[in-house]
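K.L.:
Per the numbering used here, residue 7 is the first one in the sequence shown, and the count goes up by one each step.
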Amino acid sequence: MKRNEFLKMCGLLGISLPLQSVLSSCSSSNISSNNNPPESVIIIGAGAAGMAAGHLLAQQGIDFKILEATSTYGGRMKHNTSFVDFPIPLGAEWLHVNPSIFSEIINDNSTNIDITTVGYNSSLDFGIDAEDGEQITLSEIGLVIDRKFANSTWLSFFETYVLPSVASKIIYNSPITNIDYSSDAVVVTDTDGQEYNAEKLIVTIPLKILQNGSVNFNPQLPNNKQNAINDATVWSGFKAFIEFSNKFYPTFISYTTTPETAGQKLYYDASYGQNSIQNVLGLFSVGTEAETYINLNSDSERIDFMLNELNAVFNSNIASSSYIQHTFQNWNAEPYADGAYVYDYESFNRVYRLGQSVNNKVYFAGDAYTTGNDWGSVHAAARSAKRAVQEMIS
Ligand SMILES: Cc1cc2nc3c(=O)[nH]c(=O)nc-3n(C[C@H](O)[C@H](O)[C@H](O)COP(=O)(O)OP(=O)(O)OC[C@H]3O[C@@H](n4cnc5c(N)ncnc54)[C@H](O)[C@@H]3O)c2cc1C
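#1: Measuring only from the beta carbon, is Tyr-79 closer than 8 angstroms to any heavy atom that is part of ligand 1?
#2: Please go through the same chain and pick out, in chain order, the residues whose beta-carbon is closer than 7 angstroms to the beta-carbon of Gly-293, but skip the five residues on each side of it.
#3: From the DSSP output, in three-state form, read off Gln-331 for me.
#4: When you measure from the CB of Val-221 to every non-hydrogen atom of ligand 1, does any distance come out below 8 angstroms?
#5: Is it buried or exposed for Asn-113, if we count other Cβ within 10 angstroms and need 16 for buried?
#6: Report yes or no: do the segment 303-315 and the segment 187-202 share at least 3 C-beta pairs separated by less than 8 angstroms?
#7: Which whole-angstrom value describes the C-beta separation of Phe-254 and Ile-324, a residue pair presumed to lie in contact below a C-beta threshold of 8 angstroms?
#8: For Ala-391, which of helix, strand or coil comes out of DSSP?
#9: Figure out for me which residue from Val-172, Asn-179 and Tyr-274 has the closest Cα to the Cα of Ile-68.
#10: Counting only the same chain and skipping the five closest in sequence on each side, list residues whose C-beta sits under 6 angstroms from that of Gln-331.
#11: If we count Cβ pairs, one from each stretch, closer than 8 angstroms, do we get three or more for the segment 70-90 versus the segment 196-212?
#12: Report the three-state DSSP secondary structure of Ser-30 (helix, strand or coil).
#13: Using only alpha-carbon positions, find the residue among Asn-355, Asn-236, Gly-133 and Pro-43 that is nearest to Gly-219.
#14: Is Asp-91 helix, strand or coil when you go by DSSP?
#15: Is any non-hydrogen atom of ligand 1 found closer than 8 angstroms to the C-beta of Gly-97, if you look at the structure I gave you?
#16: Going straight from the alpha carbon of Asn-366 to that of Gln-284, what length do you get?
#17: Since Pro-256 contacts Phe-132 with CB under 8 angstroms, what's their CB separation in whole angstroms?
#18: Please classify Val-124: is it buried, with 16 or more other beta-carbons within 10 angstroms of its beta-carbon, or exposed?
#19: Classify Pro-95 as buried or exposed, calling it buried when 16 or more other Cβ atoms lie within 10 Å of its own Cβ.
#20: Are Val-168 and His-385 touching if we call contact CB-CB under 9 angstroms?
#21: Three-state secondary structure (DSSP) at Thr-123?
#22: Among Ser-46, Ser-326 and Leu-161, whose alpha-carbon lies nearest the alpha-carbon of Ala-52?
#23: Measuring alpha carbon to alpha carbon, tell me which residue in Ser-116, Thr-122 and Gln-141 is nearest Ser-128.
#24: Quick check: Phe-155 and Glu-99, are their CB atoms within less than 9 angstroms of each other?
#25: Grab the span of the alpha helix (DSSP H) containing Tyr-274 for me, first residue to last.
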């Protein structure tokens, strides 16, 4: 295994090598309030960060609302429960850190957590190189952290442990287009002209939406903040899940990519760790690798393209002859995501600036708005929510 391949595979699961030591050293922190917490808070977005922030505010007894653009919660944790007999994670799939992150997010030691995740088995599982068919062992790859949810997903975790404390506070179908923080209260306005105000605001709108300029800030954000928003790179994102009548593939099929410029691409056994006899192969692709699929003209062209590239890996017609059904998720076509996540090679400093609050009134939480140590994941989004709430109330 060459070093660039090692880096590539670390990146393929959405985690870049330099970050892994940082992540493994991340620890939980409880939040504490001073005597002057805000009376009311608005959170924009009901994804991982928005729900995690609301959950912490509820624990503190602070009044809040969550304004969500779409008709549902979860954002990029979306899953499909009707494709096969286990939930298909259309966005976030792997747990990139220690499962202790679950209790860190719940922030309540009295809660009994019942979520099973499975790690890969370095002596039994292996991948192959799509170009030359060479076997790649997982121990060579160094997949020691990433875990799959067993018959469950990141979204299921949030539904069970976080949503109950925030569900009644979510106002759906409220895309916010204007944020006015020029006076004491923060006033936000949705596309219907409906205004909401509160003492403080937490923005969890995905970075690509802010880059598009569809949300106006008054006054304008400080230059260093706006420049970080404009300059950060957000990867395109496309996932596919294909059911086959037999399992002709190993745990991973790896492609040689240049993650820094082209993004990442990987086929993987999506049924891994599930209590299921259905054979589902996943495709994870971000950056220009994802655009290869996105830019095809139709879903029938996409599935033909994938079956052909899988046939080529196995030098036979095995993928086409075993094909049963597929489902796709194009993240670029989601109007309130418009892409996958900030790319793994973004500058730490820029992400740090993305996470900074403005005027002690407008706070940013979400996978792009972190302390700069880690980004582009559910755990990073949830941790940034904890940081924002802590900063707001202390
Ligand atoms: C293809 C792909 C694979 C991934 N794989 C993994 C993985 O394996 N593991 C992992 O940990 N992470 C993974 N991620 C990343 C993970 O999904 C995200 O980092 C995380 O879900 C982001 O949470 P968030 O709350 O910051 O943003 P989001 O989940 O995007 O939530 C933001 C919310 O704000 C709403 N919104 C947007 N604009 C407005 C507006 N103007 N007004 C009101 N509401 C608005 C959106 O509808 C959304 O509900 C993956 C993501 C993608 C796309």
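Just so it is clear, CB atoms sit at the ideal spot from N, CA and C, and this is done for glycine as well.
P.N.:
According to the structure shown:
#1: yes
#2: Trp-241, Ser-242, Ala-268, Gly-269, Gln-270 and Tyr-349
#3: strand
#4: yes
#5: buried
#6: no
#7: 5 angstroms
#8: helix
#9: Val-172
#10: Glu-249
#11: yes
#12: Confidence at Ser-30 is low in this model, with a pLDDT of 34, below 50, so its placement is unreliable and the value that follows should be read with caution. It is helical.
#13: Asn-236
#14: coil
#15: yes
#16: 51 angstroms
#17: 5 angstroms
#18: exposed
#19: buried
#20: no
#21: strand
#22: Leu-161
#23: Gln-141
#24: yes
#25: Not the alpha helix (DSSP H): Tyr-274 falls in the beta strand (DSSP E), residues 270-275.
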